[in-house]
Amino acid sequence: MADTATNGRWRDLDKLLLRPGNLVGPNFEPSPELRDDLQTYARVLVVGAGGLGCELLKDLALSGFRNLEVIDMDRIEVSNLNRQFLFRLQDVGKPKAEVAAQRVMERVSGVNIVPHFCRIEDKDLEFYSDFNIIALGLDSIEARSYINAVACSFLEYDSDDNPMEETMKPMVDGGTEGFKGHARVILPGVTPCFECTIWLFPPQVKFPLCTLAETPRTAAHCIEYAHLIKWGEVHVGKSFDEDDPEHMQWVYSEAVKRAELFGILGVTYSFTQGVVKNIIPAIASTNALISAACALEALKIATGCSKTMSNYLTYNGLEGLHTKVTEFVRDKDCLVCGPGVLIELDTSTTLQKFIDLLGEHPKVRMPKASVAHRGENLYMQAPPILEEMTRSNLQVSLYNLMGKLARDVVHVTGAAAVNGKTASSLRKLRIVFRGATNDGVADMDTAGGA
Amino acid sequence: MVEAKNKYDRQLRIWGEQGQAALESASICLLNCGPTGSETLKNLVLGGVGSITLVDGSRVEEGDLGNNFMLDAESIGLSKAKCVCSFLQELNDSVKAKFVEESPDALIDTNPSFFCQFTLVIATQLLETSVLKLDKICRQSNIMLIVARSYGLTGLVRISLKEHDVIESKPDHFLDDLRLHNPWPELKKFADSIDLNTTDPVVHKHTPYVVILVKMAEEWTQRHGGCLPSTREEKKEFKELLKSQMLAFDEDNYKEAIEASFKVSALRGISAHLRQIVDDSLVQVDSTSSDFWVLVAALKEFIENEGQGEPPLEGSLPDMTSLTEYYISLQKIYQAKAEADTAVVEYHTRNILKRIGRDPGVISKSYIKNFCRNARKITVCRYRTIEDEFTSPALSELQKYLTDEDYSVAVGFYILLRAVDRFAANYNRFPGMFDGSKAYLLVKSHSEMDDDISRLKTIAVGILSDLGCNSSALPEDLISEMCRCGGAELHAVAAFIGGVASQEVIKLITKQFVPMSGTFIFNGIDHKSQLLLL
Ligand SMILES: [Zn+2]
Numbered sequence: 001m002a003d004t005a006t007n008g009r010w011r012d013l014d015k016l017l018l019r020p021g022n023l024v025g026p027n028f029e030p031s032p033e034l035r036d037d038l039q040t041y042a043r044v045l046v047v048g049a050g051g052l053g054c055e056l057l058k059d060l061a062l063s064g065f066r067n068l069e070v071i072d073m074d075r076i077e078v079s080n081l082n083r084q085f086l087f088r089l090q091d092v093g094k095p096k097a098e099v100a101a102q103r104v105m106e107r108v109s110g111v112n113i114v115p116h117f118c119r120i121e122d123k124d125l126e127f128y129s130d131f132n133i134i135a136l137g138l139d140s141i142e143a144r145s146y147i148n149a150v151a152c153s154f155l156e157y158d159s160d161d162n163p164m165e166e167t168m169k170p171m172v173d174g175g176t177e178g179f180k181g182h183a184r185v186i187l188p189g190v191t192p193c194f195e196c197t198i199w200l201f202p203p204q205v206k207f208p209l210c211t212l213a214e215t216p217r218t219a220a221h222c223i224e225y226a227h228l229i230k231w232g233e234v235h236v237g238k239s240f241d242e243d244d245p246e247h248m249q250w251v252y253s254e255a256v257k258r259a260e261l262f263g264i265l266g267v268t269y270s271f272t273q274g275v276v277k278n279i280i281p282a283i284a285s286t287n288a289l290i291s292a293a294c295a296l297e298a299l300k301i302a303t304g305c306s307k308t309m310s311n312y313l314t315y316n317g318l319e320g321l322h323t324k325v326t327e328f329v330r331d332k333d334c335l336v337c338g339p340g341v342l343i344e345l346d347t348s349t350t351l352q353k354f355i356d357l358l359g360e361h362p363k364v365r366m367p368k369a370s371v372a373h374r375g376e377n378l379y380m381q382a383p384p385i386l387e388e389m390t391r392s393n394l395q396v397s398l399y400n401l402m403g404k405l406a407r408d409v410v411h412v413t414g415a416a417a418v419n420g421k422t423a424s425s426l427r428k429l430r431i432v433f434r435g436a437t438n439d440g441v442a443d444m445d446t447a448g449g450a
Numbered sequence: 001m002v003e004a005k006n007k008y009d010r011q012l013r014i015w016g017e018q019g020q021a022a023l024e025s026a027s028i029c030l031l032n033c034g035p036t037g038s039e040t041l042k043n044l045v046l047g048g049v050g051s052i053t054l055v056d057g058s059r060v061e062e063g064d065l066g067n068n069f070m071l072d073a074e075s076i077g078l079s080k081a082k083c084v085c086s087f088l089q090e091l092n093d094s095v096k097a098k099f100v101e102e103s104p105d106a107l108i109d110t111n112p113s114f115f116c117q118f119t120l121v122i123a124t125q126l127l128e129t130s131v132l133k134l135d136k137i138c139r140q141s142n143i144m145l146i147v148a149r150s151y152g153l154t155g156l157v158r159i160s161l162k163e164h165d166v167i168e169s170k171p172d173h174f175l176d177d178l179r180l181h182n183p184w185p186e187l188k189k190f191a192d193s194i195d196l197n198t199t200d201p202v203v204h205k206h207t208p209y210v211v212i213l214v215k216m217a218e219e220w221t222q223r224h225g226g227c228l229p230s231t232r233e234e235k236k237e238f239k240e241l242l243k244s245q246m247l248a249f250d251e252d253n254y255k256e257a258i259e260a261s262f263k264v265s266a267l268r269g270i271s272a273h274l275r276q277i278v279d280d281s282l283v284q285v286d287s288t289s290s291d292f293w294v295l296v297a298a299l300k301e302f303i304e305n306e307g308q309g310e311p312p313l314e315g316s317l318p319d320m321t322s323l324t325e326y327y328i329s330l331q332k333i334y335q336a337k338a339e340a341d342t343a344v345v346e347y348h349t350r351n352i353l354k355r356i357g358r359d360p361g362v363i364s365k366s367y368i369k370n371f372c373r374n375a376r377k378i379t380v381c382r383y384r385t386i387e388d389e390f391t392s393p394a395l396s397e398l399q400k401y402l403t404d405e406d407y408s409v410a411v412g413f414y415i416l417l418r419a420v421d422r423f424a425a426n427y428n429r430f431p432g433m434f435d436g437s438k439a440y441l442l443v444k445s446h447s448e449m450d451d452d453i454s455r456l457k458t459i460a461v462g463i464l465s466d467l468g469c470n471s472s473a474l475p476e477d478l479i480s481e482m483c484r485c486g487g488a489e490l491h492a493v494a495a496f497i498g499g500v501a502s503q504e505v506i507k508l509i510t511k512q513f514v515p516m517s518g519t520f521i522f523n524g525i526d527h528k529s530q531l532l533l534l
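Protein sequence lines, in the order shown, are assigned to chains A and B. Note that UniProt numbering gives residue 433 to position 433 of the first sequence, counting from 1, and the numbers run on in steps of one. Note that UniProt numbering gives residue 460 to position 460 of the second sequence, counting from 1, and the numbers run on in steps of one.
Structural data, given as structure tokens:
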């Protein structure tokens, strides 16, 4: 080719960012500055440094992003190595986030990746508010739900209940299982959030206990009997640890005994692990293509260099190849990405009384909430030192704590009952004080961008 | 090795030890080591393919660092094949990695027999003329070929081989094989031994639905002149009959029976899918036939004789509410029937082998058993040669795609991907690809770009009209989009294409799951990608 004379490192990406086009986003302004801005200002958080997270970090680093952070609480295991390509055998036991960040920085010069080896709940809202885009590479519904709620908590609505674009925290989310996967774009307030379409992720069906105890028929029944019933009977007071090989071995041998007793076949150690840990099969190629779709959408969100996907891609390579994009719609009454749960209070209501009320409120159901207002912690249930520091607020009226605003948003975090299960949750609440008028202190609409 | 087993645990749960063994003995050749090729191989190296051979004659330039993760700053000026090879090797030391510093186009021209040593060739970023030549070479030697291409925000993946037969197609959802519409004597006898009107409430709510349906269907036929429920009304009535047997509303077994009641009305015989395979001309086997087709011939004999129109029983029983002993007994009845059916198929197989002059014992028992267990799901994939597709595509399909809103972008990209190759053959560059200084000027001045757009349009219109198609269906915006990207290979697009291609490679090598048919056209604009069957 005649074009082999180098155009610099971003030879290929520049064509997309420097040239005008017809099939582009509404705010696309092609220029070398666009690439520079992408590199200087765009900040992306990758949540999860597993199969998807490793791919996402690589894809984003090679799509022009330079300011990346990654958060993951796990350490590297041998079974990660068939797909988490940034890890080697000698890395086993090290924190995923740290190794992943290091490897990508070594390979792609100029990119800066800050690792966070901790739980997603350990970071406060301020940490998350710092990013322009959040990319999710997670395998649990609970974690997705949590990050989704965090990202949606920043969203503010104007007085006509329209989402304010400058408060929007876009997310790209991927998930895979074997040859199947999905990639989606969540623009809070515009496209459905994770919670709007939670029905896409039905809870896993559990075996009835009476089947396990009385009429086992399959290998899985024998394993779950050993895991859920027999363990507790034999090891009183000692909880089962699925990462302890001795525990797993015990469950396996008990399951084998039970299977022999009933004439059931198929209990193996590997199958026991699969059932007990609910292992989802995973391969490199599916993670690669799903992450690539997410990274491409992140690039489009950041630069407008092409139209975006709306809004949910499914890929299935099991029988031939099937891909489909579905345009899901927002749940207008969504508690997470909507304007928030409206709660009316008297100006005299104390913070303590407000917290008590949240435990009973049918749309909140959070008995031990921590409360934050505009980034300030009004009360923290933990750690003890913060609890002590904020305890005196409990007897103060919320109205006073919130700067005597007639209405404003507060964020509450804590364990809440969701679909019959208790999970770490974050809720946005719209507080309106009865009889209070805004005496010009600060209106929430005008203060939104502050 | 325990470590390897742990390392591959998450994929062994998908394709098992046999699939893994097939991967580990496969030898794969990659043509061109850009990001599309590097990413495709990366996924296969991680999965533990036996050996890889990378072919690329180019040297690493600065621009390659912007889209290829398998290179770094120290690679500049060195052989691309060598650098990518060594970074890939780091990912998995049980893979044998080699490289050849030669241009793939030259190798295709000068040394076609080079390709005979491989199980499968992955051709990336190869122009039309070379693809056509390579396809011929691979067909002749029965080497599997996958063509993968990334181009701006589009790309394609295409499999090319004569025939690929799948026994373990492992579909996600497939109706279980319970024969409730046609129970065999042992199943009937077992059902007869159970009293549905038992007064023991525990037994009543733990009688498996298979037994309930066999007995109630028999009762129904006795009252309906030997016929099973067939009309919508009758099926509804049959459900009511089942409901009336319930002693309490919480009897899950009866709920399962009502839900599965349609299974008693299943038609006898084989599916249209299987019919097509057993009626294929290759079922007339001779000494050159593959084991697969010998088995299909044996299957056909079974269906036409002992099976009385039905395939061998699969033999597995889904979990259902039941007393343990009822369930285990049923399981054994299903397994026994499956084994008996397999023995008959084996008998036919040995006879056929004898008849065609092969060693009757050459096909193993376990192969036959596996075939019978999957008999209803066997799949045959055939692919046209790329030349056939290019010179005489399925016109009716092409016309349909051109006018169908869901396909118009994909088919537009399909035509344009061919057009850019012809453009490159004429001008020795891709449209919108200008040398360094001009690349930036284009933001201000569009004239050269406009020239390329109209040239590309002329070529694309020419391709369509040569095929006798209306060229007005080609969206103008797509043509300028193709020129805008100027042959760019974006990392995210390459990673997507590489993911798709490596999935297909795995399916082909493990001979499990069904590989894609047709040409996959990636649409990176709104992700409405399509498969085109041309
Ligand atoms: Zn929502």
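Ideal placement from N, C-alpha and C gives every residue a C-beta, glycine not left out. Predicted, not measured: the structure shown is a model, and the values here were computed from it.
Same chain, Cβ closer than 6 Å to residue i, five either side skipped, listed in chain order
i, result
"Q352/A", "L394"
"H491/B", "P35, N67"
"Y399/A", "T347, F433"
"R330/A", "P192, C196"
Buried or exposed (CB count within 10 angstroms, at least 16 for buried), residue i
i, result
"Q276/B", "exposed"
"T176/A", "buried"
"L13/A", "buried"
"L441/B", "Bear in mind that the predicted position of L441/B carries a pLDDT of just 47, short of 50, making it too unreliable to give a figure here."
"H527/B", "buried"
"T124/B", "buried"
"K400/B", "exposed"
"D91/A", "buried"
Proximity test, residue i beta-carbon vs ligand 1 heavy atom, cut-off 7 Å
i, result
"residue 451/A", "Outside the shown range of chain A (1 to 450) lies residue 451/A, about which nothing can therefore be said."
CB contact below 8 Å: residue i versus chain A
i, result
"N111/B", "no"
"A488/B", "yes"
"F520/B", "yes"
"G361/B", "no"
"S316/B", "no"
"I194/B", "no"
"F496/B", "yes"
Same chain only: Cβ atoms within 7 Å of residue i, ignoring 5 sequence neighbours per side
i, result
"F154/A", "S129, T167, K169"
"V55/B", "C29, L30, L31, A81, V100, E102, P104, L107"
Residue-chain proximity (residue i, chain B), Cβ-Cβ < 8 Å
i, result
"L386/A", "no"
"V70/A", "no"
"W250/A", "no"
"G93/A", "no"
"M309/A", "yes"
"D37/A", "no"
"L13/A", "yes"
Sequence-distant residues of its chain with Cβ nearer than 8 Å to residue i (five each side left out)
i, result
"L18/A", "P30, S31, P32, L34, R35"
"K365/B", "E346"
Strictly closer than 5 Å from CB to any heavy atom of ligand 1: give me those residues in the order they appear in the chain. C193/A, E195/A, C196/A, C334/A, V336/A, C337/A
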